[in-house]
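Numbering (the numbering used here), first residue to last: 2 to 405.
Here's what the structure looks like:
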């Protein structure tokens with residue numbers, strides 16, 4: 002276990018933001034986290050970007066401020082923005098039915114299987130706000146069922162998004178579309194295929210060229226699954242307890258156990274809901290593009306109109322009603338969690354895998370914060386996600402003086 006004085010730090014250290022240094026260092030030490038990165042943008046300018054701890058613990062390589070991490074479900078706001086850009090360009094409508102757009106032949110596990118007719122009702126907006134009819138708590142998360150699907154379909158590993166969709170089309174929905182909220186990775190997998198159908202481009206290429214590149218984000222990409230596929234500048238991942246699972250990709254797929262971080266899922270198959278790697282700096286640049294400026298008449302990034310930014314950050318589905326730990330209702334917008342705090346509707350999205358924990362926060366007064374870690378659980382095997390957003394929000398909202 003490392004001590005605070007042992008941890009390497011990289012990047013410029015603005016004296017006004019010394020509390021951020023202290024918080025990150027303390028967080029890594031208390032929770033036995035190998036490494037992390039924190040970036041803050043204020044009024045469109047990156048004012049803080051630092052790396053803490055180790056990108057590679059064995060080689061003692063420090064995390065750099067622009068190190069790439071798996072961002073997991075922060076991929077969802079990226080996909081949502083891509084969808085809204087297509088809507089704005091009149092290439093897609095939010096009310097379009099996704100399986101009118103996609104031609105997919107269902108796979109039925111039983112010879113007498115029949116399509117659940119409710120699939121035909123599902124719209125783009127229902128996929129965006131998790132009201133499409135899938136509930137992983139009621140059935141399972143389709144994005145992590147590769148071995149089951151491969152066996153049922155007589156399909157060799159790895160399982161691709163199109164295989165997942167075919168298999169799921171042969172299953173009943175968990176509830177009627179639009180009737181309630183249930184967080185769904187699968188819905189965003191479907192949206193990735195919608196983007197490919199409408200644009201005629203691979204999902205990753207369209208997002209990189211049409212969404213990220215205009216914002217000066219050039220290194221974000223869909224990550225690789227194996228340690229040998231680490232991108233240049235990408236950290237190494239760790240899991241608490243050195244867990245292993247049956248490989249679904251790479252050597253020994255379907256038979257051999259591998260470290261959970263490398264080969265227990267196919268990162269590329271997670272693409273539109275959880276497959277991106279990016280830096281904390283990339284993420285605050287992305288979020289800052291949706292600051293409303295000029296009296297709310299335009300967005301800072303310019304490629305989404307102010308009206309579409311407002312729509313993205315407007316409640317579409319209720320996650321929790323009433324008081325939650327002394328706070329009000331929690332909503333889901335189009336790709337973001339929303340909660341009213343001190344008169345501001347704050348947008349956030351976290352990301353979690355066994356090997357990573359991440360959070361992106363967008364405050365409507367021009368503050369954007371991103372934090373990334375290369376492990377998903379504490380040393381005593383508790384999820385890191387629940388330890389990040391509240392304390393970090395309190396920290397950054399309490400900063401009285403910002404760097405010029």
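The beta-carbon is built from N, C-alpha and C at its ideal position, and this holds for glycine as well.
With three or more CB-CB distances shorter than 8 Å, the stretch 7 to 16 counts as touching the stretch 48 to 57. Here the stretch 30 to 50 makes contact with the stretch 281 to 292; the two share three or more CB pairs at distances below 8 Å. 144 is the residue among 193, 144, 172 and 134 whose C-alpha sits nearest the C-alpha of residue 159.
Sequence-distant partners of residue 135 (beyond 5 residues in either direction) whose C-beta falls short of 7 Å from its own C-beta, in its chain, are 174, 175, 183, 185, 187 and 188.
By alpha-carbon distance to residue 32, the top candidate from 388, 394 and 392 is 388.
For residue 245, the enclosing beta strand (DSSP E) has its first and last residue at 245 to 247. Take residue 163, set aside five residues on each side of it, and the residues of its chain with a beta-carbon closer than 8 Å to its own are 105 and 194, in chain order. Spatial neighbours of residue 203 in its own chain (CB-CB distance under 8 Å, excluding positions within 5 residues in sequence) are listed in chain order as 197. Assignment of residue 71 by DSSP, reduced to helix, strand and coil, places it in the strand class.
Non-local beta-carbon contacts of residue 12 in its own chain, meaning distances under 7 Å to residues more than five positions away in sequence, involve 50, 51, 52 and 66 in chain order. Rounded to the nearest whole angstrom, the CA to CA distance from residue 192 to residue 125 is 7 Å. Beta-carbon to beta-carbon, residue 58 and residue 354 are separated by about 18 Å, too far to satisfy the 8 Å threshold.
Taken atom to atom, the span from the alpha-carbon of residue 95 to that of residue 130 is near 11 Å. With a 10 Å radius around the Cβ and a threshold of 16 neighbouring Cβ atoms, residue 385 comes out buried. Taking C-beta atoms under 8 Å as the contact rule, residue 289 and residue 42 qualify, at a distance of about 4 Å.
If only complete runs of 4 or more residues are kept, the stretch 208 to 293 shows the alpha helix (DSSP H) at 272 to 275 and 281 to 289, in order along the chain. Collapsing the DSSP output to three states places residue 301 in coil. Just so you know, the alpha carbons of residue 305 and residue 44 end up roughly 17 Å apart. Taking a contact to require three or more Cβ pairs closer than 8 Å, the stretch 296 to 305 and the stretch 327 to 343 do not qualify as touching.
Residue 169 counts as buried, since at least 16 other C-beta atoms from the protein chains shown sit within 10 angstroms of its C-beta. In the DSSP assignment, residue 362 forms a beta bridge with 349 and 370. Contact annotation: residue 261 and residue 244 have beta-carbon atoms nearer than 7 Å.
Under the 10 Å beta carbon count, residue 219 is surrounded by fewer than 16 other beta carbons and is classified as exposed. A residue is called buried when at least 16 other Cβ atoms come within 10 angstroms of its Cβ; residue 345 does not meet this threshold and is exposed. Residue pairing by DSSP places residue 160 in no beta bridge whatsoever. The stretch 354 to 369 makes no contact with the stretch 19 to 28, as fewer than three CB pairs between them are under 8 Å. Between residue 368 and residue 337, the alpha-carbon positions lie close to 16 Å from each other. In this structure, residue 87 sits near residue 199, with a CB-CB distance shorter than 7 Å.
Contact check for residue 257 against residue 248 passes: the beta carbons are separated by less than 7 Å.
Burial check for residue 237: the Cβ neighbour count within 10 Å reaches 16 or more, so the residue is buried. Per DSSP, the continuous beta strand (DSSP E) segment holding residue 47 begins and ends at 46 to 57.
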